[in-house]
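Trainee: Note that the sequence shown ends on residue 549 in my numbering; no numbers are left out. Cβ atoms here follow ideal geometry from the backbone N, Cα and C, with glycine treated the same way.
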Amino acid sequence: MKPTAIAMKPSELTLLLFTMVSLLLLPAASLSSAATAAGKWDLLRSSIGISAMHMQLLHNDRVVIFDRTEFGRSNISLPDSKCTRTGNGDRIDCTAHSVEYDVAANSVRPLMVLTDFWCSSGSVSPDGVLVQTGGNKSGELAVRTFAPCDENKCDWREIRNGLLRPRWYATNHVLPDGGQIIVGGRNEFNYEFYPPRSRQPYRLPFLWETHDAKNRENNLYPFVLLNVDGNLFIFANNRSILLNYRNNTVVRTYPEIPTGDPRCYPSTGSAVLLPLKNFQDPATVSAEVLVCGGAKAAAYSNSKSGRFLTALDTCGRITISDPNPLWVMETMPTPRLMGDMVMLPNGKVLIINGASSGSAGWEQGRDPVFTPVLYRPENEIGSRFELQAPSKRPRMYHSTAILLRDGRVLVGGNNPHDKYNFTTNLFPTDLSLEAFSPAYLDPGFADLRPRIISPGPFTKLGYGKPVTVQFTLTGPMERDSVVVTMVAPSFATHSFSMNQRLLVLGSGYRVESMDAPGGNWYQMEVIMPGSGNLAPPGYYLLFVVHKDIPSEGIWVQIREQSY
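(1) Note down, one range per segment and in chain order, each alpha helix (DSSP H) of at least 4 residues found wholly within the region 142 to 226.
(2) Once DSSP output is grouped into helix, strand and coil, what is the label at residue 65?
(3) Between which two residues does the alpha helix (DSSP H) holding residue 446 run?
(4) Using 10 angstroms around the beta-carbon of residue 295, count the other beta-carbons present and answer buried if the total reaches 16, otherwise exposed.
(5) Would you report the Cα separation of residue 539 and residue 39, rounded to the nearest angstrom?
(6) To which residues of the same chain is residue 569 closer than 7 Å at the C-beta, ignoring the five residues directly before and after it?
(7) Tell me which residues share the same chain as residue 225 and place their Cβ nearer than 6 Å to its Cβ, disregarding the 5 neighbours each side in the sequence.
(8) Could you tell me whether the region 80 to 95 touches the region 106 to 119, using the rule of 3 or more Cβ pairs below 8 Å?
(9) I'd like to know if the region 399 to 415 and the region 425 to 444 are in contact, where contact means that at least 3 CB-CB pairs between them fall below 8 Å.
(10) According to DSSP, simplified to helix, strand and coil, what is residue 434?
(11) Please report the straight-line C-alpha distance between residue 141 and residue 500, rounded to a whole angstrom.
(12) So, at 7 Å on beta carbons, what are the nonlocal neighbours of residue 32 in its own chain, with the 5 sequence-adjacent residues on each side left out?
(13) Is the region 325 to 339 in contact with the region 471 to 479, if contact means three or more CB pairs nearer than 8 Å?
(14) Any idea if residue 156 is buried or exposed, counting beta-carbon neighbours within 10 angstroms, 16 or more meaning buried?
(15) Roughly how many angstroms separate the alpha carbons of residue 84 and residue 509, rounded to a whole number?
(16) Of all the options 66, 185, 393, 497, which has the alpha carbon lying nearest to the alpha carbon of residue 463?
(17) Shortest alpha-carbon distance to residue 324 belongs to which of 380, 364, 335?
(18) Taking the C-alpha atoms as reference points, what is the distance between residue 280 and residue 205?
(19) Would you kindly work out how many angstroms separate the C-alpha atoms of residue 201 and residue 283, rounded to a whole number?
(20) Quick check on the DSSP output: the beta strand (DSSP E) that includes residue 26 runs from which residue to which?
(21) Please identify the residue among 386, 102, 534 whose C-alpha is closest to the C-alpha of residue 427.
(22) Output yes or no for whether 8 Å exceeds the beta carbon distance between residue 43 and residue 312.
(23) In the DSSP assignment, the beta strand (DSSP E) including residue 93 goes from what residue to what residue?
(24) Which residues bound the alpha helix (DSSP H) around residue 508?
(25) According to the neighbour-count rule (16 or more other Cβ atoms, all chains shown, within 10 Å of its Cβ), is residue 250 buried or exposed?
(26) Using the three-state DSSP reduction, which class does residue 125 fall into: helix, strand or coil?
(27) Quick one: using the 10 Å Cβ neighbour count with 16 as the cut-off for buried, is residue 143 buried or exposed?
(28) Taking contact to mean at least 3 C-beta pairs separated by less than 8 Å, is the region 168 to 178 in contact with the region 257 to 276?
(29) Beta strand (DSSP E) containing residue 421: first to last residue?
(30) Give the DSSP-derived three-state secondary structure of residue 341 in the structure shown.
(31) Could you check the C-alpha separation between residue 58 and residue 261 for me, to the nearest Å?
(32) Is the beta carbon of residue 474 less than 8 Å from the beta carbon of residue 398?
(33) Could you check whether residue 52 and residue 34 sit closer than 8 Å to each other, using their CB atoms as the reference points?
(34) Helix, strand or coil for residue 265? Go by DSSP, reduced to three states.
(35) Apart from the five residues just before and just after residue 550, which ones in its own chain have a Cβ nearer than 6 Å to its Cβ?
(36) Using 8 Å for Cβ pairs, my map puts residue 30 next to residue 421. What's the rounded Cβ distance?
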């Protein structure tokens, strides 16, 4: 049901009323499932000391979070009386602008960074090290690395001039060989690699062609996704191409997204690669991209003048692996820009955070969208969106969301101000962390929830190799209702989760019962992806999913092809 008031500026009350009306109009048989699909919110910490502008989960279940050194003093001090110089080196700051969040302990540890990583990008290398690139001013050429540790002694390491070109609002992606590509950035119509592969960047005219100077580019933080053929799908503004980065050629130009509205910063929408499946035969695997939300081209200039245009309420879906692909458009329950899209272990997409009018940028968003939406890719068009439980906190500009190993979604951020501002009546700076628990974590589903026995945590897996997965259930198992999925944790910032990827490893395989004390012990064999084109090397979260209810994930590592 699409509400007739959708053109109005929605408030939390409007969305709650819409949810109630939708439930009342559902058939009685579906009321119970809809009611249990709402999920729930938990406040984890009222403050982590900084606003969560960038987030990355690492394989020790700790999250590296950071914002911007030029926000002014944060609410968490650096350890051991450390201080840094900011601005032009004329200001002393003894507070942290990066922290490590320990998920299990719900604790925060301050980290020290020397250069400004405002609006930067990143990827995790195959050995689990976060490689983080660019930023503003002192950080525009910087490369920073963070190697996870369990002794609370690890910190950022920095290479001041590690990049060829300044990278502010760029996008990174891990490549099939484990390196990473860095695409674009403000006034940078090119790309480069890290580790470096040349002494000069590679020109990419497509970024100039999609550049809109009047409305602050609208092609920043382009959506970069690895196609199953090893080429890169790049979406900027309202257009997209398939790039062979090895020889710097455009393999394909895709149709412009219908309506022509921009979807990239500052008309900030979001995008994901939908689950990859049936990839045992690479020739038949299909890759689909979903792009949701955004704002009209004029939204940025209008919001600078105090006129806040309604955000886009559409999603476009395209099969980028098809020879002649076309966009299929869908309508979301409410307009949304600056929303985050998170792949859940069961293959659903959670659309969370954002605003329903205005633009990305300082003070330029209005009308927060409190209610997440679940997108169900396998449903028929017209029945794919499902409203979830609303939050109480605005999460708009500079907010983030990432998947955790236990299936929750970690949510933080919201600072639409040029500095920390806790006194304004209009969206104060938010330093809190919340967790959204999708409905699959409801205790009522405990009997359906698998528990992985093997492989054990941190097992190294080879390309194309069979893997035996053993798991238990406390309740009965429904045949042909079990799949194994593998999720690459993402680097989240500015409504795009870089490197996000989900593969369905087992569907239709025979699940065998095993004799064990207490019974309900099962095993199935799945096949790992055949190459880095499908799954770049590195750490992944592996889940067993039974009737859409995922187990807790375990960390596994796909070894590089040279192993």
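Mentor: So, from the listed chains and residues:
(1) Qualifying alpha helix (DSSP H) stretches, in chain order: 191 to 195.
(2) Of the three classes helix, strand and coil, the one that applies to residue 65 here is helix, per DSSP.
(3) No alpha helix (DSSP H) contains residue 446, which is instead part of the beta strand (DSSP E) from 445 to 447.
(4) buried
(5) 25 Å
(6) Because the chain is modelled from -13 through 549, residue 569 falls outside the range shown and cannot be assessed.
(7) 196, 242
(8) no
(9) no
(10) helix
(11) 46 Å
(12) 418
(13) yes
(14) buried
(15) 42 Å
(16) Nearest option by C-alpha distance: 497.
(17) 380
(18) 12 Å
(19) 7 Å
(20) Per DSSP, residue 26 belongs to the beta strand (DSSP E) from 26 to 31.
(21) 534
(22) no
(23) Run containing residue 93: 93 to 97, per the beta strand (DSSP E) assignment.
(24) Careful: residue 508 lies outside any alpha helix (DSSP H), inside the beta strand (DSSP E) at 507 to 513.
(25) buried
(26) helix
(27) exposed
(28) no
(29) 419 to 423
(30) strand
(31) Roughly 41 Å between the two C-alpha positions.
(32) no
(33) no
(34) When DSSP states are grouped into helix, strand and coil, residue 265 belongs to the coil group.
(35) Within the shown structure, residues of the chain are numbered from -13 to 549, placing residue 550 beyond reach of any answer.
(36) At roughly 6 Å, the Cβ-Cβ gap stays under 8 Å, so residue 30 and residue 421 are in contact.
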